[in-house]
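S.K.: Structure below; questions to follow.
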Amino acid sequence: MIKRISVLKGVGRFSALNSIQGSEGDFSELNVIYASNSCGKSTLCDVFRSLDTGNSAYVIGRKRLGSNTQQEIVVLLEQGQTTRFQNAQWHERENCPPIHVYDDRFVAENVFIGYHISLDQRRNLYGLVIGDQAITLKQAVDAAEQQLSSATSALNRAQTNLTRLIPTGYTADSFRNLAAVEDVDNKITEVVSGLKSAEETKAKAEAIQARSLLDAVPIAEVPEILESVLDATLDAAALAAEAKIRDHLAATSQGLSIGWVKQGFDSQTSTACPHCGQEMQGLEILEAYRSFFSGELQEQERLRESTRNTVSASFGEAAQNQLRQVLASHRTERDWWRDAAGYEFTLPEIGDIASVVVLLQEVYQAIDSALDRKRANPASAIAFSGEELAAITAWSEMAAELSAYNQALDAINTELRDRRANAGMIDLALLQQRLSSLNAAKKRHEQETVDAYAAYDAAINHKSSAQQEKQRANKALREQSNQLFERYGSRINELLTLFGADFRIVSDGVTFRGGPSGQLAIELSGERISATPEAASDPSQISLANTLSGGDRSALALAFFLAKVEMAHDVGRSIVVFDDPYHNQDRSRRQCTIEQIHHLTGLAKQCFVLSHDLEFARAVEKRPGSFSKTFILNPLLDPATLEARSLPPLPSQAYLKNYHLLHHYSENPADHLQHLKEVADTLRVILEEYLRLKFPKAWTESDWLGDMIRKIREAQTGTPLSLCHPLVEELGYINTYSQRFHHGGTGDVTDEAEARELKTYVDRTLKVIHAGGNI
Numbered sequence: 075m076i077k078r079i080s081v082l083k084g085v086g087r088f089s090a091l092n093s094i095q096g097s098e099g100d101f102s103e104l105n106v107i108y109a110s111n112s113c114g115k116s117t118l119c120d121v122f123r124s125l126d127t128g129n130s131a132y133v134i135g136r137k138r139l140g141s142n143t144q145q146e147i148v149v150l151l152e153q154g155q156t157t158r159f160q161n162a163q164w165h166e167r168e169n170c171p172p173i174h175v176y177d178d179r180f181v182a183e184n185v186f187i188g189y190h191i192s193l194d195q196r197r198n199l200y201g202l203v204i205g206d207q208a209i210t211l212k213q214a215v216d217a218a219e220q221q222l223s224s225a226t227s228a229l230n231r232a233q234t235n236l237t238r239l240i241p242t243g244y245t246a247d248s249f250r251n252l253a254a255v256e257d258v259d260n261k262i263t264e265v266v267s268g269l270k271s272a273e274e275t276k277a278k279a280e281a282i283q284a285r286s287l288l289d290a291v292p293i294a295e296v297p298e299i300l301e302s303v304l305d306a307t308l309d310a311a312a313l314a315a316e317a318k319i320r321d322h323l324a325a326t327s328q329g330l331s332i333g334w335v336k337q338g339f340d341s342q343t344s345t346a347c348p349h350c351g352q353e354m355q356g357l358e359i360l361e362a363y364r365s366f367f368s369g370e371l372q373e374q375e376r377l378r379e380s381t382r383n384t385v386s387a388s389f390g391e392a393a394q395n396q397l398r399q400v401l402a403s404h405r406t407e408r409d410w411w412r413d414a415a416g417y418e419f420t421l422p423e424i425g426d427i428a429s430v431v432v433l434l435q436e437v438y439q440a441i442d443s444a445l446d447r448k449r450a451n452p453a454s455a456i457a458f459s460g461e462e463l464a465a466i467t468a469w470s471e472m473a474a475e476l477s478a479y480n481q482a483l484d485a486i487n488t489e490l491r492d493r494r495a496n497a498g499m500i501d502l503a504l505l506q507q508r509l510s511s512l513n514a515a516k517k518r519h520e521q522e523t524v525d526a527y528a529a530y531d532a533a534i535n536h537k538s539s540a541q542q543e544k545q546r547a548n549k550a551l552r553e554q555s556n557q558l559f560e561r562y563g564s565r566i567n568e569l570l571t572l573f574g575a576d577f578r579i580v581s582d583g584v585t586f587r588g589g590p591s592g593q594l595a596i597e598l599s600g601e602r603i604s605a606t607p608e609a610a611s612d613p614s615q616i617s618l619a620n621t622l623s624g625g626d627r628s629a630l631a632l633a634f635f636l637a638k639v640e641m642a643h644d645v646g647r648s649i650v651v652f653d654d655p656y657h658n659q660d661r662s663r664r665q666c667t668i669e670q671i672h673h674l675t676g677l678a679k680q681c682f683v684l685s686h687d688l689e690f691a692r693a694v695e696k697r698p699g700s701f702s703k704t705f706i707l708n709p710l711l712d713p714a715t716l717e718a719r720s721l722p723p724l725p726s727q728a729y730l731k732n733y734h735l736l737h738h739y740s741e742n743p744a745d746h747l748q749h750l751k752e753v754a755d756t757l758r759v760i761l762e763e764y765l766r767l768k769f770p771k772a773w774t775e776s777d778w779l780g781d782m783i784r785k786i787r788e789a790q791t792g793t794p795l796s797l798c799h800p801l802v803e804e805l806g807y808i809n810t811y812s813q814r815f816h817h818g819g820t821g822d823v824t825d826e827a828e829a830r831e832l833k834t835y836v837d838r839t840l841k842v843i844h845a846g847g848n849i
């Protein structure tokens with residue numbers, strides 16, 4: 075039970091809502107709240123609805139326009155418990171009992187009160203009227219639906235997980251039946267290697283066919299004549315001649331070499347010296363020349379230089395470069411065949427190329443050095459030093475390795491020759507098919523795939539069980555719901571009879587397509603009325619659009635709500651809220667509406683009735699056997715007030731007639747364009763009558779509105795008329811305006827009212843009357 079609304083800030087028309095201190099302002103079992111239209115009744119209904127559902131949107135959507143105030147609501151419950159709305163959400167809502175709200179929003183969302191019945195309304199209808207047993211069955215349906223949805227989702231996930239593992243070209247069944255292959259990894263490796271080689275060979279066919287074989291490595295050999303060249307000697311005469319020439323050169327030619335003399339001797343055409351022209355006929359030195367530069371010595375020199383040239387060609391820089399290039403080319407070719415053609419071969423081990431070239435270079439230097447020594451000592455045999463001999467020996471060993479290396483190249487070249495011949499003639503399909511089969515077989519028996527099939531099979535079984543369970547739950551719920559809808563429809567028809575309606579409700583049961591929905595229809599004079607949108611849009615067809623009056627539809631909506639609350643399993647602890655339930659009803663149904671509200675008040679824990687109809691509100695408050703309280707809601711003051719006080723007395727019939735005239739003009743000025751003077755005359759009259767009703771002892775019979783305004787202005791604080799001080803200025807403006815039509819303004823002829831200006835003053839007059847509800 076709600077004791078009071080302690081705080082209401084920033085919601086709808088309310089910047090704040092004042093409640094009286096103490097228990098005087100507490101709500102009772104039956105509470106009648108009187109307020110004019112547009113004064114906040116629908117705002118309070120949305121607050122109740124938000125409190126019941128926990129849906130903050132109903133409050134957030136009611137944020138006070140133009141205000142930066144943080145929305146806040148504090149509701150005091152019985153036994154001192156509270157629930158509050160702060161930071162856009164409710165707190166401690168679990169303390170609040172169920173709340174049923176009847177207002178325009180309820181009607182629009184739940185009742186087929188328009189021109190056709192929407193699918194959402196059918197579903198809402200079903201959800202609102204199911205009973206305790208049906209709720210249990212509905213929960214079973216929901217649980218079965220959730221299990222089925224969960225099972226379907228699990229199956230979809232399992233199928234997706236399995237599908238991603240199934241290779242192209244296989245189905246779930248064909249992949250499932252693949253047998254395991256023994257030693258599959260090694261077989262895959264072999265096929266992959268062969269396929270890669272074949273693919274690369276085929277792709278590089280032209281390049282392969284144009285590729286050269288591997289050249290043999292050139293192997294330098296020490297000349298056989300080297301030993302005899304180094305071991306050659308000269309006789310004594312040649313040696314004596316050499317010594318004499320050297321002495322002569324030392325004495326006369328400043329250390330010139332024998333080679334220089336040799337050049338001159340070879341070019342000599344007479345007995346004169348070819349260098350200085352001196353006659354040498356008969357000189358001893360000439361005989362020494364002839365002895366030294368002819369015969370054995372010259373042959374030795376020729377062989378030595380010839381050997382040097384041979385050694386240079388085999389071991390020199392050019393030979394070193396050629397050896398380096400050939401060995402490097404072998405490695406280049408090996409890499410090309412591997413990277414470009416997919417064929418890998420291994421070159422024989424001979425060590426680092428630079429090391430091989432160094433050995434060649436060291437042999438060359440050793441032999442060249444020995445020949446240099448021989449040239450300097452032609453008469454003596456020359457022997458290799460230990461280091462030189464080691465270099466020659468090392469090269470001999472390397473030469474043997476190079477020979478073996480060249481023999482290995484023959485086998486490699488044979489394979490390369492075959493590959494060149496067969497390039498471009500390779501069929502890859504069989505290899506690819508074999509690889510695909512092996513990979514599929516391997517994938518099928520991996521643990522991930524085995525688990526995926528197990529999960530997939532379990533999900534299929536789970537979904538099948540869930541489908542069967544849902545069918546059983548739906549069947550049980552359908553049987554119970556059909557019984558319930560018959561009972562619910564029967565109660566609605568009882569209420570319609572009490573309301574004097576000439577139509578009735580018939581039930582078509584429950585459908586579960588797209589979610590459960592109730593199938594109620596209208597029957598008039600024994601004929602079923604179409605409730606489809608198509609019929610409503612065709613004026614030639616009988617439909618809800620052209621058979622039920624506005625009063626009939628309102629009666630149907632109220633009967634729907636009453637039956638729904640009566641049959642609620644928690645009605646005994648519920649709060650029921652009515653917002654203008656008599657609104658749009660025929661007057662003949664007024665008393666029945668009051669009786670049903672009183673009846674429901676006896677069933678529920680607490681009831682609120684909000685109304686702008688003073689006569690209806692006063693009748694509702696008089697419920698025998700219950701303690702009711704009345705409240706006046708005035709949102710035009712700031713802060714607004716919800717004051718526990720007696721409802722105002724009913725106005726006279728003349729006042730009521732004038733009020734309805736002004737109210738109707740405010741809403742529909744076009745209907746009164748021929749009677750503007752009558753409306754303008756009513757402004758002063760209704761304000762005078764209103765003040766007379768409010769303060770019957772404050773005026774004399776001769777007081778007009780101007781006299782009343784003066785007395786209000788002069789009223790002392792604390793007197794009843796002083797309560798009207800906030801209205802006195804606005805009363806003066808309205809009085810001045812109305813005088814134009816009673817006294818002719820400043821002339822002798824009354825003014826003509828202008829429709830738009832008149833509407834402004836009509837609205838201002840009604841606002842004064844509404845604001846006076848706080849007096």
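75 is the number of the first residue of the sequence shown in my numbering; add one for each residue after it. Built from N, CA and C at the ideal position, the CB exists for glycine as well.
#1: Give me the DSSP bridge partner(s) of Glu717.
#2: Distance check for Leu82 and Thr157, CA to CA, integer angstroms please.
#3: Take every Cβ of the segment 170-181, pair it with every Cβ of the segment 633-646, and state whether three or more of those distances are shorter than 8 Å.
#4: Would Gln435 and Gln394 be called neighbours here (beta carbons separated by less than 8 Å)?
#5: Can you tell which of Ala450, Ile282, Asn161 has the C-alpha that lies nearest to the C-alpha of Leu304?
#6: Quickly, what does DSSP pair Leu104 with across the bridge? List them, please.
#7: Using only alpha-carbon positions, find the residue among Tyr733, Glu689, Ser248 that is nearest to Leu840.
#8: Indicate whether the contact test is met: 3 or more Cβ pairs, each with one atom in the segment 267-281 and one in the segment 504-519, closer than 8 Å.
#9: DSSP state of Glu689, grouped into three classes?
#10: Are the beta-carbon atoms belonging to Ile466 and Val437 less than 8 Å from one another?
#11: Distance check for Glu183 and Glu626, CA to CA, integer angstroms please.
#12: Using the rule of at least 16 other Cβ atoms within 10 Å of the residue's Cβ for burial, across every protein chain shown, is Arg784 buried or exposed?
#13: Of all the CB atoms in chain B, is at least one closer than 8 Å to the CB of Gly243?
#14: Can you tell me which of the three DSSP states Trp411 falls into?
#15: Using DSSP with H/G/I as helix, E/B as strand and the rest coil, what is Ser459?
#16: Going by DSSP, what residue range makes up the beta strand (DSSP E) through Val291?
#17: Looking at the structure shown, is Thr793 part of a helix, part of a strand, or coil, going by DSSP?
#18: Can you confirm whether the segment 712-729 touches the segment 142-153 when touching is taken to mean that 3 or more C-beta pairs between the two stretches lie within less than 8 Å?
#19: Let me make sure I understand the geometry here. Which of Ile649, Thr621, Glu669 has the alpha-carbon closest to that of Tyr656?
#20: Do you know offhand how far Arg197's Cα is from Ser648's?
#21: With Arg664 and Phe690 assumed to form a contact (beta carbons below 8 Å), what rounded beta-carbon distance in angstroms separates them?
#22: Considering only the alpha carbon of each residue, which of His816, Ser776, Cys798, His746 lies closest to Arg758?
#23: Using the Cα positions of Glu420 and Ser403, report the straight-line distance between them to the nearest angstrom.
#24: Contact between the segment 272-283 and the segment 490-498 is defined here as three or more beta-carbon pairs at a separation below 8 Å; is this criterion met?
#25: Here's the rule I'm using: 16 or more other beta-carbon atoms within 10 Å means buried, otherwise exposed. How should Ile299 be labelled?
#26: For Glu717, which residues of its own chain have a beta-carbon under 6 Å away from its beta-carbon, when the five flanking residues on both sides are left out?
#27: Closest by CA to Glu301, which one among Leu239, Thr245, Val385, Gln233?
#28: Is the beta carbon of Ile760 closer than 8 Å to that of Leu795?
#29: At what residue ranges does the segment 622-652 contain a whole run of the beta strand (DSSP E), taking only runs of 3 or more?
#30: If you scan the segment 425-509 from start to end, which runs of the alpha helix (DSSP H) of 4 or more residues do you find wholly inside it?
#31: Name the one or two DSSP bridge partners that Tyr176 has.
#32: Less than 6 Å between C-beta atoms, sequence neighbours within five positions excluded: which residues of the same chain meet that for Leu765?
#33: Tell me whether the beta-carbon of Asn235 lies closer than 8 Å to the beta-carbon of Ala526.
#34: Determine, using beta carbons only, whether Val694 and Leu674 come nearer to each other than 8 Å.
M.R.: According to the structure data:
#1: By 1-based counting over the sequence shown, the position of residue 717 is 643. Looking at the DSSP assignment, Glu717 forms a beta bridge with Ile706.
#2: Working through the sequence shown from its first residue, we reach residue 157 at position 83. Working through the sequence shown from its first residue, we reach residue 82 at position 8. Their Cα atoms are separated by approximately 12 Å.
#3: yes
#4: The count along the sequence shown starts at 1 and reaches residue 435 at position 361. The count along the sequence shown starts at 1 and reaches residue 394 at position 320. Yes, Cβ-Cβ distance for Gln435 and Gln394 is below 8 Å.
#5: In the sequence shown, counting from the first residue as 1, residue 304 sits at position 230. For Leu304, the nearest C-alpha among the options comes from Ala450.
#6: Here residue 104 refers to the residue found at position 30 when the sequence shown is read from its first residue. Beta-bridge pairing links Leu104 to Cys681, Ser702.
#7: Indexing the sequence shown from 1 puts residue 840 at position 766. Per the Cα distances, Tyr733.
#8: yes
#9: What you label residue 689 is simply residue 615 of the sequence shown in a count that begins at 1. Here Glu689 sits in helix by DSSP.
#10: Indexing the sequence shown from 1 puts residue 466 at position 392. Indexing the sequence shown from 1 puts residue 437 at position 363. In contact: Ile466 and Val437 (Cβ atoms closer than 8 Å).
#11: Here the question's residue 626 lines up with position 552 in the sequence shown. Here the question's residue 183 lines up with position 109 in the sequence shown. It is Asp, not Glu, that sits at residue 626 in the sequence shown. Approximately 18 Å between the Cα atoms of the pair.
#12: Counted from its first residue, the sequence shown places residue 784 at position 710. By the neighbour-count rule (16 or more Cβ atoms within 10 Å), Arg784 is not buried but exposed.
#13: Given the protein chain composition of this structure (a single chain), no chain B is represented.
#14: Mapped onto the sequence shown, residue 411 falls at position 337. The answer is helix: DSSP assigns Trp411 an H, G or I state.
#15: Walking along the sequence shown from the start, residue 459 turns up at place 385. Here Ser459 sits in coil by DSSP.
#16: The residue labelled residue 291 in the question sits at position 217 within the sequence shown. That residue, Val291, is in no beta strand (DSSP E); it is neither H nor E in DSSP.
#17: For the purposes of this step, residue 793 is identified with residue 719 of the sequence shown, where counting begins at 1. Thr793: coil per DSSP, three-state reduction.
#18: no
#19: Taking the first residue of the sequence shown as 1, we reach residue 656 at position 582. Nearest option by C-alpha distance: Glu669.
#20: To locate residue 197, count along the sequence shown from 1; it is residue 123. To locate residue 648, count along the sequence shown from 1; it is residue 574. Note on Arg197: pLDDT 48, under 50, position unreliable in the model; no value is reported.
#21: Within the sequence shown, the letter at position 590 stands for residue 664. Within the sequence shown, the letter at position 616 stands for residue 690. Indeed, because the Cβ distance is near 7 Å, the residues count as touching under 8 Å.
#22: To locate residue 758, count along the sequence shown from 1; it is residue 684. The option with the nearest alpha carbon to Arg758 is His816.
#23: Residue numbering aside, residue 420 sits at position 346 when the sequence shown is read from its first letter. Residue numbering aside, residue 403 sits at position 329 when the sequence shown is read from its first letter. Glu is not the amino acid found at residue 420; the sequence shown has Thr there. Distance between the alpha carbons of Thr420 and Ser403 is about 14 Å.
#24: yes
#25: On the sequence shown, position 225 is the one that residue 299 refers to. Exposed is the call here.
#26: Indexing the sequence shown from 1 puts residue 717 at position 643. So the list reads Ile706, once near-sequence residues are dropped.
#27: The residue you call residue 301 lines up with position 227 of the sequence shown. With distances taken between Cα atoms, Glu301 lies closest to Val385.
#28: Position 721 of the sequence shown, counted from the first residue, corresponds to residue 795. Position 686 of the sequence shown, counted from the first residue, corresponds to residue 760. Taking 8 Å as the Cβ cut-off, Leu795 and Ile760 do not qualify as a contacting pair.
#29: none
#30: 427-450, 460-496
#31: Here residue 176 refers to the residue found at position 102 of the sequence shown. Bridge partners of Tyr176: Phe652.
#32: If you number the sequence shown from 1, residue 765 lands on position 691. Correct list, in chain order: Met782.
#33: Counting from 1 along the sequence shown, the entry for residue 235 is found at position 161. Counting from 1 along the sequence shown, the entry for residue 526 is found at position 452. Yes; because the gap between Cβ atoms is below 8 Å, this pair is in contact.
#34: What you label residue 694 is simply residue 620 of the sequence shown in a count that begins at 1. What you label residue 674 is simply residue 600 of the sequence shown in a count that begins at 1. Their beta carbons are not under 8 Å apart, which means Val694 does not touch Leu674 by this criterion.
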